[in-house]
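Sequential numbering from 12 applies to the first sequence in the working numbering.
Every residue, glycine too, gets a C-beta built ideally from N, C-alpha and C.
These figures come from a predicted structure and were not determined experimentally.
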Amino acid sequence: MSQTNILLRPGKLHDIYNTLFQAIGPRGWWPGETPLEIAIGAILTQNTSWKNVDKAITTLKQKNWLSLEKLRDVPEAELADAIRSSGYFNQKAKKTKIFIRYIYERYNGSLEKMAERSVEKLREELLAIYGIGPETADSILLYALGKQTFVVDAYTRRIFLRHGWMTEKATYEEIRQFFLTHLPRDIQLYNEFHALLVFVGNRFCRRKPICDRCPLKKYLTT
DNA sequence: TGCCAGGCCGGGT
DNA sequence: ACCCGGCATGGC
Numbered sequence: 012m013s014q015t016n017i018l019l020r021p022g023k024l025h026d027i028y029n030t031l032f033q034a035i036g037p038r039g040w041w042p043g044e045t046p047l048e049i050a051i052g053a054i055l056t057q058n059t060s061w062k063n064v065d066k067a068i069t070t071l072k073q074k075n076w077l078s079l080e081k082l083r084d085v086p087e088a089e090l091a092d093a094i095r096s097s098g099y100f101n102q103k104a105k106k107t108k109i110f111i112r113y114i115y116e117r118y119n120g121s122l123e124k125m126a127e128r129s130v131e132k133l134r135e136e137l138l139a140i141y142g143i144g145p146e147t148a149d150s151i152l153l154y155a156l157g158k159q160t161f162v163v164d165a166y167t168r169r170i171f172l173r174h175g176w177m178t179e180k181a182t183y184e185e186i187r188q189f190f191l192t193h194l195p196r197d198i199q200l201y202n203e204f205h206a207l208l209v210f211v212g213n214r215f216c217r218r219k220p221i222c223d224r225c226p227l228k229k230y231l232t233t
């Protein structure tokens with residue numbers, strides 16, 4: 012039986028979104044311009060600060076390598092060197108090559124073609140690919156392909172824990188379903204909500220909890 | 001100076 | 001089904 016490790020009253024979730032949006036405003040996420048750039052960024056940012064990823068993306072752009080063709084043709088070792096700043100560069104070069112290969116083999120090198128399929132099918136496919144776990148899959152689905160899903164990340168977990176909204180045993184899928192179930196089915200809202208949580212996580216909910224000026228202060232349950 | 005950042009995989013229990 | 005070590009750079 013499915014146990015609930017989420018303690019937040021479901022009705023509060025949308026209030027929290029409204030509070031964040033009013034306090035912070037639209038974030039215009041993902042920080043990346045094309046679907047491909049977003050997808051690559053999603054892989055590179057695994058357990059890594061965005062700052063380090065940004066350097067790697069900039070390097071790829073300068074080399075004119077940020078295209079499906081180039082990423083397909085560049086040797087893995089050279090790709091690894093180009094993305095060195097993002098950490099785990101050998102792992103990430105491998106993952107990137109595998110992802111690009113998937114786009115070619117399954118969708119003839121077309122992310123548009125890929126985007127025609129349903130979110131359920133795509134999520135299943137992505138999760139089957141080496142190097143793509145739930146967060147990376149959901150980031151690609153939501154931000155690169157405009158599909159209906161919610162991204163759960165370390166910020167989401169930390170904010171929920173710090174405010175007493177869940178136990179540490181809550182799983183990725185449990186948290187994701189909580190968002191999907193208790194919010195309007197609105198892709199733009201999912202997009203914005205996660206972006207706002209990242210902002211709060213960076214600004215107010217890092218090392219020492221800075222709860223003074225945090226818009227979520229009034230929702231503290233502990 | 002050490003600790004940690006927008007995870008994920010594979011092997012062990 | 002969980003738990004853990006490995007993967008690695010750059011910022012504070």
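- Comparing alpha carbon positions, the residue from L71, F210, L172 closest to S96 is L71.
- Inclusion of F210 and R20 in the CB contact set at 9 Å is not warranted, their separation being larger than that value.
- Under the DSSP assignment, F204 falls in the alpha helix (DSSP H) whose first and last residues are 198 to 214.
- Residues of the same chain with a CB within less than 8 Å of the CB of R169, apart from the 5 flanking positions on each side, are G212, C216 in chain order.
- Looking at the DSSP output, M125 shares a beta bridge with no other residue.
- Contact holds between the segment 62 to 80 and the segment 88 to 106, because three or more Cβ pairs, one in each stretch, are under 8 Å apart.
- Taking a cut-off of 8 Å on C-beta distances, the segment 139 to 148 touches the segment 110 to 120, as three or more cross pairs fall below it.
- Two segments are said to touch when three or more pairs of C-beta atoms, one from each, lie closer than 8 Å; by this definition the segment 214 to 233 does not touch the segment 48 to 61.
- Bridge pairing for I17: M177 [DSSP].
- Sequence-distant partners of E185 (beyond 5 residues in either direction) whose C-beta falls short of 7 Å from its own C-beta, in its chain, are N16, I17.
- In the structure shown, Q159 falls within a coil segment according to DSSP collapsed to helix, strand and coil.
- Contact between the segment 154 to 165 and the segment 120 to 130 is present, with at least three C-beta pairs closer than 8 Å.
- L172 and T178 have their C-alpha atoms spaced approximately 7 Å apart.
- In summary, L231 is exposed, with fewer than 16 beta-carbon neighbours lying within 10 Å of its beta-carbon over all protein chains present.
- Note that the C-beta distance between A34 and L122 is not below 9 Å.
- Between E203 and W61, the CB-CB gap reaches or exceeds 9 Å.
- Rounded to whole angstroms, the separation of the alpha carbons of E80 and A67 is 18 Å.
- With respect to the C-alpha of G22, the residue from C225, W176, N119, T160 having the closest C-alpha is W176.
- Straight-line measurement puts the Cα of D84 at about 14 Å from the Cα of E116.
- Ranked by how close their Cα comes to the Cα of I114, the residues P145, A88, K180, L82 have L82 in first place.
- Shown here, R169 sits in a helix according to DSSP, grouped into three states.
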